[in-house]
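K.L.:
Residue numbers (my numbering): 543 to 701. Ideal placement from N, C-alpha and C gives every residue a C-beta, glycine not left out. It should be emphasised that the depicted structure is a prediction, and the values quoted were computed from it without experimental measurement. Have a look at this one.
This is how it looks when you write it as structure tokens:
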């Protein structure tokens, strides 16, 4: 008698971004990713900013599964990183990434990567050019809830 088959894990996702449109794709895959403050790292000597996230797998959700996966993201050519609304000394705090955006600078290809988190926290990384690598680090695991957003919570009264 053979053992019951376990569902095959989807292949690990590996992407890179070298222009703004590429970053939109990365942002879509990382929407609602959970990031521990302790898993953010700026390495000024290497000009690198990196993070580890537990991303919600939106492709799996479209197939009827609710799953998360550990993923890594890093940017090269990073000149400076600024944090707003993030207590760097509270390593176990968890941030929910809403989106990534590239803002071109006065001298292309330089610019800024803006990380926008729920609750108003942001990270701004000044870069020589847009160069990012993203990859999944391991298997997915089932979760009980799909991320949701109350789009009216900051809208105030109105139609």
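Could you tell me the distance, in whole angstroms, from the CA atom of residue 578 to the CA atom of residue 611?
P.N.:
Taking the chain shown and counting its residues from 1, the one referred to as residue 578 is at position 36. Taking the chain shown and counting its residues from 1, the one referred to as residue 611 is at position 69. If you take the alpha carbons of residue 578 and residue 611, they lie about 14 angstroms apart.
K.L.:
Give a yes or no on contact between the region 635-649 and the region 560-574, applying the rule of three or more CB pairs nearer than 8 angstroms.
P.N.:
Yes: at least three Cβ pairs fall under 8 angstroms.
K.L.:
Expressed to the nearest angstrom, what Euclidean distance is found between the alpha-carbon atoms of residue 575 and residue 659?
P.N.:
Here residue 575 refers to the residue found at position 33 when the chain shown is read from its first residue. Here residue 659 refers to the residue found at position 117 when the chain shown is read from its first residue. Looking at the two C-alpha atoms, the distance is approximately 9 angstroms.
K.L.:
With DSSP collapsed to three states, give me the class of residue 614.
P.N.:
Reading the chain shown from its first residue, position 72 is the one you call residue 614. If DSSP states are grouped into helix, strand and coil, residue 614 belongs with the strands.
K.L.:
Considering only residues of the same chain and omitting the five flanking positions on each side of residue 671, which have a CB-CB separation below 7 angstroms?
P.N.:
In the chain shown, the residue the question calls residue 671 occupies position 129. Hits under 7 angstroms: 619, 651 and 652.
K.L.:
Consult DSSP for residue 678 and reduce its assignment to one of helix, strand or coil.
P.N.:
Reading the chain shown from its first residue, position 136 is the one you call residue 678. If DSSP states are grouped into helix, strand and coil, residue 678 belongs with the strands.
K.L.:
Output the boundary residues of the alpha helix (DSSP H) element that contains residue 572.
P.N.:
Locating residue 572 in the chain shown gives position 30, counting from the first residue. First-last of the alpha helix (DSSP H) with residue 572: 562-572.
K.L.:
Three or more C-beta pairs closer than 8 angstroms, one from the region 619-637 and one from the region 580-592: is that the case here?
P.N.:
Taking 8 angstroms as the limit for Cβ pairs, the verdict is that the region 580-592 does touch the region 619-637.
K.L.:
Excluding five sequence neighbours on each side, which residues of the same chain lie with their C-beta closer than 6 angstroms to the C-beta of residue 615?
P.N.:
The residue given as residue 615 occupies position 73 in the chain shown. So the list reads 593 and 676, once near-sequence residues are dropped.
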